[in-house]
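Participant: First the structure, which I've put down as structure tokens, then a few questions once you've had a look.
Protein chains in written order, with our numbering: chain X, 15 to 221; chain C, 1424 to 2011.
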């Protein structure tokens, strides 16, 4: 990692497996000797509200749980409008974002009271708030695998393939069996591989 | 580990033999972890925080190390035993874990628990990360036994729900001999005995203050002497990140304070700033010592702090430079009731009856938000029934047949039983709806005395609300399935007309519960051609329903759009089907 502390925000909507995703990443890095602090807010927001985890990674010391505004190095967003919301506050010109393209509409949107931003405009906005943004159809692929919740692991696969954080199949496997259970390893590793594959075309385009 | 895991691990390592709690964010997970991981600790959910503290007090009286856990407002409920427990003291160590919620992520107020420590003349420790959360449980128990006092461990959302590294150790047992010991002069607080105990309490506070001078978790970190920051808990982390090179006095014990240590620190630095969230608790105490400090004029009284806010408070600016105003224009995402939630069905029926609703605390509080908008007040746990009774009896005809109290099952067992008794006792015509979803849903589905299961999922009694109300003297008690919205509407209407108190139990398990499932888990379907676009279903506020606008209407088409069901979210609760006037919602 090129910065200490390295600041990661995992953003999404309640029920998307946000908290678990940040815990798995944290466990992988702790097992490699990093001092990791994760800040969460959950409670009422579990009921379909915005959720956000702050993951702070350091080789030197245990940082506090809150990333200051503009200091995110990486944003993993499980929902595109949440990506924009988080980047507007925590992003800077060097922030990288990995964004799941599938929108989750709030009831104000589904009920027709407010409009959800149009896709291209939203992607443009996310690009303008980052140095590099990757867009993945993670939920679509997770649904093909039979469970939308796997989108969070697909996103972690993408982070790994982009070479942003030192996450590998074997260290993730260990973290999954520690945080979840050994029965869950196989399906999650498949999702991890899907994430690596999904981002590969976008990375090769950069080269 | 999270701070809450650290606290649970601390209970294990330092020999806690009994733990009791009522769920409340951000404290809930402490007892859940104890239930899952540490079979050596006797643990169970109490109906409310007052009982939890009394159960823990009983364990401590018998020589056991004990713990009671609650959120900040839980200590209000437990305030009665707390204040006099200070007089009786303990025997085995007793730690009261209280988790504050600055910024009110999941709370109705942001009261500062340190005031209770001062009020009750009880020591208060405050951890700043998960390691300290664990360690300070050990210190709290040691102080409790050494000074014969209950001790508060004050956490906060950002400690309880943040994760950091913790080193674990094996379990050690408490020091006190276990058993029933008679000592009425100490434990029976009749006036004559209490008068003798009060001076003991005052002397104890002085003794703990002297101990605080050498307490290893009160520590000075000398750096640049132009600025000295006095801080504690999570705010210490923020301050240290914002100003890594200045001098710090970090307090692990925030009551009583180490006066000599503070004076000594003050003499070594040029400027002193107190960084603390919420009330000027440390600041006022230090000002009383006659020491010139800055504090709340810089940091403010409301909400939580952050590294950025601390930096701005002291320097007027922040390294975190804005990259210019950003208009992201994305809609807000307020929380709401889940697809298939039985509360939505009940609220839909209440809305049809056009009533005023005295609310309570639980998932159903979300019924206040649009488009449901059916909760007209919400004060504290268990308040709704009493408030409805007060409205009904004071307003007479102005409220008759128009006011309803709603309360969940767990909240009812927490503090709804006594106001229900008041209602039966004093009469009136209030209608109470108990929204019984068979769990404590808002905090993540904890069992309670009505569910038939304990913390560790062992089978137990299931308290019967109908029989309880009958024993209280209620004559009108009706149990309904709220998903039958039309029937529910009718039953509510009939009970509103009754001239005496009535109780409706709207019983259907939480849509997230895996155990007691009555939902079909098959999505419904809307026949788009039949839909008139009246939005009756949309106005129930179900996240599984979507209104599709018609951009180019066909000739003669009057509707502006039609409703559609998201098959991934719909669990088939039928609430929308019940409110549809055109019979266009069908089983798929």
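Virtual Cβ for every residue (Gly too), placed ideally from N, Cα, C.
If I follow the unbroken beta strand (DSSP E) through residue 265(X), where does it start and stop?
Facilitator: Because residue 265(X) is not part of the residues shown, which for chain X are 15 to 221, the question remains open.
Participant: Identify each residue in the stretch 1640-1663 of chain C for which the Cβ-Cβ distance to at least one residue of chain X is less than 9 Å, and report them in chain order.
Facilitator: Flagged, chain order: 1657, 1659, 1660, 1661, 1663.
Participant: Check residue 1677(C) in the structure and name its three-state DSSP category.
Facilitator: Working through the second chain from its first residue, we reach residue 1677(C) at position 254. Of the three classes helix, strand and coil, the one that applies to residue 1677(C) here is strand, per DSSP.
Participant: I'd like to know whether the C-beta atoms of residue 1588(C) and residue 37(X) end up nearer to each other than 8 Å.
Facilitator: As a working mapping, residue 1588(C) is identified with position 165 in the second chain. As a working mapping, residue 37(X) is identified with position 23 in the first chain. No, Cβ-Cβ distance for residue 1588(C) and residue 37(X) is not below 8 Å.
Participant: In chain C, what lies closer than 7 Å to residue 76(X) by C-beta?
Facilitator: Taking the first residue of the first chain as position 1, residue 76(X) is located at position 62. Within 7 Å Cβ-Cβ: 1552, 1587, 1588.
Participant: Decide if the stretch 1429-1441 of chain C is in contact with the stretch 184-204 of chain X; the criterion is three or more beta carbon pairs, one per stretch, under 8 Å apart.
Facilitator: Segments in contact, no.
Participant: Three-state secondary structure (DSSP) at residue 1866(C)?
Facilitator: As a working note, residue 1866(C) is residue 443 in the second chain. Three-state DSSP puts residue 1866(C) in coil, outside helix and strand.
Participant: Take residue 1391(C) and list the residues in its own chain whose beta-carbon comes closer than 7 Å to its own, dropping the five residues that flank it on each side.
Facilitator: Coverage of chain C is limited to positions 1424 through 2011, which leaves residue 1391(C) absent and any answer about it impossible.
Participant: Would you please verify whether the beta carbon of residue 189(X) is less than 8 Å from any beta carbon of chain C?
Facilitator: Within the first chain, numbered from 1, the residue matching residue 189(X) stands at position 175. By this cut-off, residue 189(X) is not an interface position.
Participant: Alpha carbon to alpha carbon, what distance is there between residue 1561(C) and residue 1430(C)?
Facilitator: Within the second chain, residue 1430(C) is the residue found at index 7, counting from 1. Within the second chain, residue 1561(C) is the residue found at index 138, counting from 1. Their backbone Cα atoms lie some 10 Å apart in a straight line.
Participant: Pull out every residue of the stretch 1936-1952 of chain C whose Cβ sits closer than 8 Å to any Cβ of chain X, in chain order.
Facilitator: Under the 8 Å Cβ criterion, the stretch 1936-1952 of chain C contributes no residue.
Participant: Comparing the C-beta of residue 1753(C) with each C-beta of chain X, is any distance below 8 Å?
Facilitator: Translated into the one-based positions of the second chain, residue 1753(C) becomes position 330. By this cut-off, residue 1753(C) is an interface position.
Participant: What first and last residue would you give for the alpha helix (DSSP H) that runs through residue 1663(C)?
Facilitator: On the second chain, residue 1663(C) is found 240 positions in, with the first residue counted as 1. From DSSP, the alpha helix (DSSP H) with residue 1663(C) extends over 1656-1665.
Participant: Quick check on this structure: which residue in 1707(C), 1713(C), 1516(C) has the alpha carbon closest to the alpha carbon of residue 1719(C)?
Facilitator: As a working mapping, residue 1719(C) is identified with position 296 in the second chain. Comparing Cα positions, the closest option is 1707(C).
Participant: If we count Cβ pairs, one from each stretch, closer than 8 Å, do we get three or more for the stretch 1727-1738 of chain C versus the stretch 1888-1898 of chain C?
Facilitator: Not touching, per the Cβ criterion.
Participant: On the three-state DSSP scale, how would you describe residue 65(X)?
Facilitator: Locating residue 65(X) in the first chain gives position 51, counting from the first residue. Strand, per DSSP.
Participant: Against chain X, with Cβ distances strictly below 8 Å, would residue 1976(C) count as a contact?
Facilitator: Looking up residue 1976(C) in the second chain gives position 553. Not an interface residue.
Participant: Can you name the residues of chain B whose CB is closer than 8 Å to the CB of residue 156(X)?
Facilitator: Annotation note: the requested chain B is absent from the structure, which comprises protein chains X and C.
Participant: If I follow the unbroken alpha helix (DSSP H) through residue 15(X), where does it start and stop?
Facilitator: As a position in the first chain, residue 15(X) is number 1, starting the count at 1. Here residue 15(X) belongs to no alpha helix (DSSP H), and DSSP marks it neither H nor E.
Participant: Quick one: which chain C residues come within Cβ less than 7 Å of residue 141(X)?
Facilitator: In the first chain, residue 141(X) corresponds to position 127, counting from 1. Within 7 Å Cβ-Cβ: nothing; residue 141(X) doesn't reach chain C, min ~13 Å.
Participant: According to the neighbour-count rule (16 or more other Cβ atoms, all chains shown, within 10 Å of its Cβ), is residue 1557(C) buried or exposed?
Facilitator: In the second chain, the residue the question calls residue 1557(C) occupies position 134. So residue 1557(C) ends up on the buried side.
Participant: Please report whether the beta-carbon of residue 1668(C) lies at a distance below 8 Å from any beta-carbon of chain X.
Facilitator: The count along the second chain starts at 1 and reaches residue 1668(C) at position 245. It does not; no Cβ of chain X falls within 8 Å.
Participant: Can you give me the start and stop residues for the alpha helix (DSSP H) that residue 8(X) sits inside?
Facilitator: Since the first and last residues shown for chain X are 15 and 221, residue 8(X) lies out of range.
Participant: Here's a check: name, in chain order, each residue in its chain whose Cβ is nearer than 6 Å to the Cβ of residue 1649(C), leaving out the five neighbours to either side.
Facilitator: If you number the second chain from 1, residue 1649(C) lands on position 226. Result list for residue 1649(C): 1693, in chain order.
Participant: Going by the CB atoms, is the gap between residue 1751(C) and residue 99(X) shorter than 8 Å?
Facilitator: Sequence index remark: in the first chain, residue 99(X) carries index 85 (1-based). Sequence index remark: in the second chain, residue 1751(C) carries index 328 (1-based). Yes, they are a contact pair.
Participant: Look at the Cβ atom of residue 1609(C), then the Cβ atom of residue 1511(C), and state whether they are nearer than 8 Å.
Facilitator: To locate residue 1609(C), count along the second chain from 1; it is residue 186. To locate residue 1511(C), count along the second chain from 1; it is residue 88. Their beta carbons are under 8 Å apart, which means residue 1609(C) touches residue 1511(C) by this criterion.
Participant: Apart from the five residues just before and just after residue 205(X), which ones in its own chain have a Cβ nearer than 6 Å to its Cβ?
Facilitator: If you number the first chain from 1, residue 205(X) lands on position 191. Only 164, 167, 168 meet the Cβ criterion.
Participant: Alpha carbon to alpha carbon, how far is residue 2001(C) from residue 1769(C)?
Facilitator: Mapped onto the second chain, residue 2001(C) falls at position 578. Mapped onto the second chain, residue 1769(C) falls at position 346. Between residue 2001(C) and residue 1769(C), the C-alpha separation is close to 12 Å.
Participant: Give the residues of chain X in contact with residue 1904(C), contact being defined as C-beta atoms less than 7 Å apart.
Facilitator: Your numbering for residue 1904(C) matches position 481 in the second chain. Near residue 1904(C) there are no residues of chain X at all, since even the closest Cβ is about 23 Å away, more than 7 Å.
Participant: So the candidates are 125(X), 74(X), 138(X), 35(X); which of them puts its Cα closest to the Cα of residue 47(X)?
Facilitator: As a first step, residue 47(X) must be located in the first chain, where it is residue number 33. Cα-wise, what sits closest to residue 47(X) is 74(X).
Participant: Residues of chain X with CB closer than 8 Å to the CB of residue 1972(C), please, in chain order.
Facilitator: One-based indexing of the second chain puts residue 1972(C) at position 549. Under the 8 Å cutoff, chain X gives 126.
Participant: Identify which residue in 1459(C), 1426(C), 1447(C), 1450(C) has its Cα closest to the Cα of residue 1880(C).
Facilitator: What you label residue 1880(C) is simply residue 457 of the second chain in a count that begins at 1. Among 1459(C), 1426(C), 1447(C), 1450(C), the Cα nearest to that of residue 1880(C) is on 1459(C).
Participant: Is the stretch 117-124 of chain X touching the stretch 1750-1764 of chain C in the sense that three or more CB pairs, one from each, lie closer than 8 Å?
Facilitator: Output reads yes: the stretch 117-124 of chain X touches the stretch 1750-1764 of chain C.
Participant: Can you tell me the Cα-Cα spacing of residue 217(X) and residue 65(X), whole angstroms?
Facilitator: Here residue 217(X) refers to the residue found at position 203 when the first chain is read from its first residue. Here residue 65(X) refers to the residue found at position 51 when the first chain is read from its first residue. The alpha-carbon atoms of residue 217(X) and residue 65(X) are separated by roughly 28 Å.
Participant: What residues of chain X sit near residue 1964(C), judged by a beta carbon separation below 8 Å?
Facilitator: Position 541 of the second chain holds residue 1964(C). Within chain X, the residues near residue 1964(C) are 121, 125.
Participant: How is the beta strand (DSSP E) around residue 51(X) delimited, first residue to last?
Facilitator: Against the first chain, residue 51(X) aligns to sequence position 37. Its beta strand (DSSP E) spans residues 49-54.
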